[in-house]
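Once you know that position 334 of the sequence shown is 333 in numbering that gives the first Met the number 0, the rest is easy, because the numbers rise by one and skip nothing.
Working notes, beginning with the structure itself.
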Amino acid sequence: MKEACGVVGVVTPGRDAAWSCYDALYALQHRGQESAGMAAYQDGRITVTKDNGLVSHVFADAALSALGGELVIGHTRYSTSGSANWTAAQPVYRSAGSAGFALAHNGNLTNTAALAAAAGLETSHYLSDSDLVAELLAREIERGATLPAALAEVLARAEGAFSMVVLEAGALHAVRDPHGFRPLCLGRLGPPEAPTGWVAASESPALDVVGATLVREVEPGEMVTITASGVTTTRLLAPAAGPQRLCIFEFVYFARPDAYLLGHQVHSARRRMGERLAHAAPVAADLVMGVPDSGVPAAEGYAQASGIPFGHGLVKNRYIGRTFIAPDPAQRAAGVRRKLNALRETITGRRLVVVDDSIVRGTTTRALVAMLREAGAAEVHLRISSPPFAWPCYYGIDTPTRDELLAARYDLAGMRDFIGCDSLAFISLADLRDAVGLAEGCCDACLTGEYPAPIPVTLDGARGRW
Ligand code: SF4
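Now the structure itself:
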């Protein structure tokens with residue numbers, strides 16, 4: 000039940016919203032490649048279309064035309080469990096009361112078992128935490144609650160990460176957890192004085208692609224409701240203590256470079272990460288290169304700050320998904336050579352600075368370094384634009400257990416030896432925060448072990464808190 004997903008909701012009164020939702024989902028394909036789905040409301044009825052596969056595979060023209068609807072939500076999904084089961088694809092639909100609703104969720108709840116137990120339910124009966132939330136909402140509605148009241152009741156008891164879009168007859172709700180772990184933004188179609196529609200999405204490029212203007216982030220704990228009459232906002236959930244906790248890896252790796260998060264463009268933040276690395280971890284070299292895609296802006300920043308020429312030393316097969324979000328370990332390992340190939344004439348005989356965004360297990364990085372050496376690299380100096388990833392994520396990102404994480408198993412020298420590079424350096428947490436532009440205001444639990452919301456396991460010696 001671990002997901003790194005994309006969500007979108009589109010409302011275009013008087014016009015079909017399905018194509019816009021499709022385009023927005025397409026812009027969020029990087030957030031999940033296992034399944035895609037949409038739920039559309041029209042003429043008193045919600046229709047859900049979803050299946051395993053990429054957005055373009057799931058939605059042929061005919062499926063889109065048949066969907067229709069002026070209010071549509073969509074989802075791209077990545078998970079580790081139930082991935083072969085199309086019924087775990089989202090949006091999740093429930094019939095409740097005299098109507099029904101559909102829900103699409105990005106994030107992971109951390110108290111799923113407690114929520115289920117309190118309701119007398121078995122967690123094993125549910126396909127995901129999103130499925131469980133839908134069931135709890137349906138029960139509240141059966142007792143007479145409106146959908147917004149049910150959301151307030153159920154989500155007040157939920158812990159962990161959730162950015163959700165929820166569709167009912169005539170209304171679309173966009174909700175974010177009180178910590179704001181996963182991103183969710185609001186955009187407007189048409190001019191401010193006469194909007195023609197509204198879009199809520201995980202990342203701002205999903206707004207750009209449909210011609211919407213970014214208005215603002217959905218605030219942590221806020222519910223934005225969109226109807227044909229416009230937008231209203233509700234403080235749905237009590238604020239969490241401390242600053243908001245947007246996942247810092249959205250800046251490092253997950254979000255598209257053209258996304259704006261909390262007012263900061265991701266590409267610029269990645270360049271600054273590289274600049275900080277160049278100042279903190281200089282090395283004599285002939286060429287700086289990035290590991291496509293998210294390592295490239297940081298490599299450009301490193302090159303600019305160090306004065307070492309920047310070059311492209313790796314060619315990426317554009318038709319292969321990112322290895323980190325491939326669900327199977329064997330696929331991940333094989334994925335390096337499937338995805339990347341070395342440009343020998345650029346690399347042979349050169350001392351390389353290779354900039355990548357992160358090291359998780361270290362196996363793909365080791366395979367990459369071996370590939371560069373085979374291609375004739377004289378030296379390989381790895382620079383990583385995130386601090387050592389030493390703690391699992393429980394807030395919606397699929398990461399291995401702590402004992403599989405390279406940084407939890409080795410010190411810096413041990414990691415360098417495992418990977419087989421000539422030198423290895425990570426950006427410091429202070430420099431990363433500085434590059435992102437947020438001294439506070441991010442979750443960095445996988446780097447520090449300081450989890451801002453309760454987690455569902457006891458970590459060995461983890462600050463003694465859980
Ligand atoms: S633990 Fe790490 S990956 Fe998970 S939300 Fe926090 S910063 Fe992001």
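By construction, the Cβ of each residue, glycine as well, lies at the ideal position given by its N, Cα and C atoms.
Owing to the predicted nature of the structure, the values given are computational and were not obtained by experimental measurement.
For I426, there is no enclosing beta strand (DSSP E), since its DSSP letter is neither H nor E.
Between L213 and T195, the alpha-carbon positions lie close to 14 Å from each other.
In the three-state reduction of the DSSP assignment, W390 falls in the coil class, being assigned neither a helical nor a strand state. Around the beta-carbon of Y125, 16 or more other beta-carbon atoms lie within 10 Å, marking it buried.
In the structure shown, S162 falls within a strand segment according to DSSP collapsed to helix, strand and coil. Cβ atoms of Y252 and S293 come within 8 Å of each other, at about 5 Å.
According to DSSP, R215 shares a beta bridge with L185.
For Y92, the enclosing beta strand (DSSP E) begins and ends at V91 to A95. The shortest C-alpha to C-alpha distance from G262 to any of V217, V223 and D50 is the one to V217.
W197 is bridged by DSSP to V10 and R187. One alpha carbon belongs to P399, the other to R360, and they sit about 8 Å apart. Taking the C-beta atoms as reference points, P182 is found no nearer than 7 Å to E139.
Going by DSSP, Q41 is part of the beta strand (DSSP E) stretching over S34 to Q41.
A Cβ closer than 6 Å to some heavy atom of the ligand SF4 marks a residue here, and those residues are F180, C246, I247, F248, C392, Y394, I396, C442, D443, A444 and C445. Within a 10 Å sphere around the beta-carbon of V314 sit fewer than 16 other beta-carbons, which makes this residue exposed. In this structure, DSSP gives R415 a helical state, which the three-state scheme calls helix. Comparing alpha-carbon positions, the option among R93, C20, D433 and E167 lying closest to V6 turns out to be C20. By a beta-carbon distance limit of 8 Å, R317 does not contact P451. Their separation comes to about 36 Å.
Our two residues, A438 and Q264, have alpha carbons roughly 16 Å apart in a direct line.
Considering only A61, R175, V368 and Q303, the residue with the shortest C-alpha distance to V290 is V368. Between S64 and D50 a beta carbon distance of about 17 Å is seen, past the 8 Å cut, so the two are scored as non-contacting. With at least 16 other beta carbons inside 10 angstroms of its own, T111 counts as buried.
For R343, no pairing in a beta bridge is given by DSSP. Under DSSP, the beta-bridge partners assigned to I72 are G8 and A38.
Residue environment analysis places H172 among the buried positions, since at least 16 neighbouring C-beta atoms fall within 10 angstroms of its C-beta. Within the model, the alpha-carbon separation for L120 versus F417 is close to 45 Å. Cβ-Cβ separation between V174 and M222: approximately 5 Å, consistent with a contact (criterion under 8 Å). Excluding five sequence positions before and after A133, the CB atoms of its chain that fall closer than 7 Å to its own CB belong to V91, R93 and L102, given in chain order.
The beta-carbon separation of A26 and A254, rounded to 11 Å, does not stay under the 8 Å limit for a contact. Annotated as distal: A59 and R76, with beta-carbon spacing of 7 Å or more. Under the three-state reduction of DSSP, H278 is assigned to helix.
Between R269 and P296, the gap from beta carbon to beta carbon is short of 7 Å.
When only Cα atoms are considered, V54 and V282 end up about 43 Å apart.
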